[in-house]
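Quick notes on the structure that follows.
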Amino acid sequence: MPASLPTSLLLNGREFAYAAIRKYPAQLDVPVNGYEAKVLDFVRQWLTGTQEFTLTTSGSTGTPQPIVLKRRQLEASAARTGDFFDLGPGDRALVCLNCEYIGGLMMLVRGLERNMHLTIVEPQGNPFDMVATDAEFDFAAFVPLQLRTMLAAGQAPRLNQIRALLVGGATVDSTLAKEIQALRVPVYHTYGMTETVSHIALRRLNGPEATSSYRVLTGIAAGLDERGCLTLRGDVTDDQLVVTNDQVNLLDAHTFEWLGRADFVINSGGVKVQAEKVELVLDVALAELGESRRCFVAGQPDERLGEQVTAFVEGEPLDTKAEKQLQTLLAERLEKYERPRQLVYVMAFEATANGKLDQASTLRKASK
Numbered sequence: 001m002p003a004s005l006p007t008s009l010l011l012n013g014r015e016f017a018y019a020a021i022r023k024y025p026a027q028l029d030v031p032v033n034g035y036e037a038k039v040l041d042f043v044r045q046w047l048t049g050t051q052e053f054t055l056t057t058s059g060s061t062g063t064p065q066p067i068v069l070k071r072r073q074l075e076a077s078a079a080r081t082g083d084f085f086d087l088g089p090g091d092r093a094l095v096c097l098n099c100e101y102i103g104g105l106m107m108l109v110r111g112l113e114r115n116m117h118l119t120i121v122e123p124q125g126n127p128f129d130m131v132a133t134d135a136e137f138d139f140a141a142f143v144p145l146q147l148r149t150m151l152a153a154g155q156a157p158r159l160n161q162i163r164a165l166l167v168g169g170a171t172v173d174s175t176l177a178k179e180i181q182a183l184r185v186p187v188y189h190t191y192g193m194t195e196t197v198s199h200i201a202l203r204r205l206n207g208p209e210a211t212s213s214y215r216v217l218t219g220i221a222a223g224l225d226e227r228g229c230l231t232l233r234g235d236v237t238d239d240q241l242v243v244t245n246d247q248v249n250l251l252d253a254h255t256f257e258w259l260g261r262a263d264f265v266i267n268s269g270g271v272k273v274q275a276e277k278v279e280l281v282l283d284v285a286l287a288e289l290g291e292s293r294r295c296f297v298a299g300q301p302d303e304r305l306g307e308q309v310t311a312f313v314e315g316e317p318l319d320t321k322a323e324k325q326l327q328t329l330l331a332e333r334l335e336k337y338e339r340p341r342q343l344v345y346v347m348a349f350e351a352t353a354n355g356k357l358d359q360a361s362t363l364r365k366a367s368k
């Protein structure tokens, strides 16, 4: 028996009929908060055929910028993801990313385009806290912090009921990657940005198909610029060339390994240090010491070196013994100029509105 097509959506536990949303806010007879209003207004625009949408880039690597996307770009992205995961009428999607940004907004579009049942909740650490205990889903997308929180809350059995899930918006550290191995549900790390209308490449994080390389979805042309940075063109970019700041190893026309951001290179004493490489070593070393913490590496002004490699670690300072052990591990695994010359502890990292690490704000906070 074919699945019934949805005539409404669930938003923060309340049902809103699509017929009423089409006339929003005229036919809405219940109060809504600011987030709910923005979700309902976007759904209204989509249902009534709006052709252009203005979004704001995340701001995780620079100043947020407005960008105008055409409806056909959003439709193309939704179709490509829908085909890859075989999403169709009657499937159930959990939307718990911030819908004011491309990741959450595209979850709405995929659901609307594929006639899926949409359960939408405001972004929070454990989205399952906002849905019925017997609710089941076929498809969901999370940021790493949400997935980590749900696993810590013992939600692995519930996650395993999902057919496939995405994790994106930030790197997946070694501790979380290890925890994901215990999940049966296929987990995919996404690569994409607002300019590419969400993800254009995926890599499997668990199971026998797990890989360190990203596979570009069909219909997207990938290349390199003179810096070794990834370039992209396709219907999702409106056939315009998008030049990223991500340095990659392009294995073939459809596969690449992500190396790090070109603008996260630290010039220390004339030696170029890739911040992400040092971050990975630091993250693994902290995990080995039983310190599962967020961290990042950045260049800080230095009179002699120009920039010094500096590590920022979230939380209380390590005790003297643990910090000495950490320094020993870093010395064993990094070249001389790659080793952080200073460890800076920040009680709580700053975040952007859609849950990504706000490195610039965290650096300003640390400087105070």
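Numbering follows full-length UniProt numbering, in which position 242 of the sequence shown is assigned residue number 242; successive positions increment by one, without gaps. Backbone N, C-alpha and C define an ideal beta-carbon position, used for all residues, glycine too.
State the CB to CB distance for the pair Leu165 and Ala140, rounded to an integer number of angstroms; the pair is presumed to be in contact (CB under 8 Å). At roughly 5 Å, the Cβ-Cβ gap stays under 8 Å, so Leu165 and Ala140 are in contact.
If we count the other Cβ atoms within 10 Å of its Cβ and call it buried at 16 or more, is Lys178 buried or exposed? Answer is exposed; the Cβ neighbour count stays below 16.
On the DSSP bridge list, what partners appear for residue 385? The structure shown does not extend to residue 385, since the chain is modelled only from 1 to 368, so the question has no answer here.
Would you check if the stretch 268–278 and the stretch 101–114 touch, i.e. whether three or more CB-CB distances between them fall below 8 Å? No contact exists between the stretch 101–114 and the stretch 268–278.
What did DSSP end up calling Pro2 once you bin it into helix, strand or coil? Confidence at Pro2 is low in this model, with a pLDDT of 48, below 50, so its placement is unreliable and the value that follows should be read with caution. Note: Pro2 maps to coil in three-state DSSP.
How would you write the range of the beta strand (DSSP E) that Tyr188 sits in, first residue to last? For Tyr188, the uninterrupted beta strand (DSSP E) run begins and ends at 187–193, by DSSP.
DSSP three-state call for Gln325: helix, strand or coil? Residue state, collapsed to three classes: helix.
Whether or not the stretch 188–202 and the stretch 294–308 are in contact is what I'm after, with contact meaning three or more pairs of Cβ atoms, one per stretch, closer than 8 Å; do they touch? By the Cβ rule, the stretch 294–308 does not count as touching the stretch 188–202, because fewer than three pairs are nearer than 8 Å.
Going by DSSP in three states, Ile220 sits in which element: helix, strand or coil? Here Ile220 sits in coil by DSSP.
Can you tell which of Pro186, Lys368, Arg294 has its C-alpha closest to the C-alpha of Glu316? The residue from Pro186, Lys368, Arg294 with its alpha-carbon nearest to that of Glu316 is Arg294.
In this structure, does DSSP put Val39 in helix, strand or coil? The answer is helix: DSSP assigns Val39 an H, G or I state.
Could you check if Glu36 is buried or exposed, using at least 16 other CB atoms within 10 Å of its CB as the buried criterion? Buried, since its Cβ has 16 or more Cβ neighbours within 10 Å.
I'd like to know whether the C-beta atoms of Asn249 and Leu259 end up nearer to each other than 8 Å. In this structure, Leu259 lies closer than 8 Å to Asn249 by Cβ.
Measuring CB to CB, does Thr218 end up less than 8 Å from Asp225? In this structure, the beta-carbon distance from Thr218 to Asp225 does not fall below 8 Å.
When burial is assigned at 16 or more other CB atoms within 10 Å of the CB, is Gly169 buried or exposed? Counting the other CB atoms within 10 Å of its CB gives Gly169 a total of 16 or more, which places it among the buried residues.
Secondary structure at Phe349, three-state DSSP: helix, strand or coil? Judged by DSSP in its simplified three-state form, Phe349 adopts coil rather than helix or strand.
Quick one: what does DSSP say residue 370 is sitting in, helix, strand or coil? For the chain, the structure presents residues 1 to 368; residue 370 sits outside this window and is missing.
By DSSP, does Ala26 sit in helix, in strand, or in coil? Coil.
Pull the bridge partners of Ala298 from the DSSP assignment, please. Ala298 pairs with Thr310.
Using C-beta distances below 7 Å, list every residue in its chain close to Ser361, excluding the 5 sequence neighbours before and after it, in chain order. Closer than 7 Å at the Cβ level, and outside the excluded window around Ser361, lie Glu350.
Enumerate in chain order the residues of its own chain whose CB-to-CB distance from Ile180 is below 6 Å, with the five nearest sequence positions on each side excluded. Leaving aside the five residues that flank Ile180 on each side, the residues in its chain whose CB is nearer than 6 Å to its CB run, in chain order, Val187, Leu205, Asn206.
Let's see if you can read the secondary structure: which residues bound the beta strand (DSSP E) around Lys178? For Lys178, there is no enclosing beta strand (DSSP E); the enclosing alpha helix (DSSP H) has its first and last residue at 174–180.
Would you mind sorting Met347 into buried or exposed? The rule is 16 or more other CB atoms within 10 Å of its CB. Label assigned to Met347: exposed.
Cβ neighbour criterion (16 or more within 10 Å) applied to Gln359: By the neighbour-count rule (16 or more Cβ atoms within 10 Å), Gln359 is buried.
Name the DSSP beta bridge partners of Glu52, please? Answer is Lys70, bridged to Glu52.
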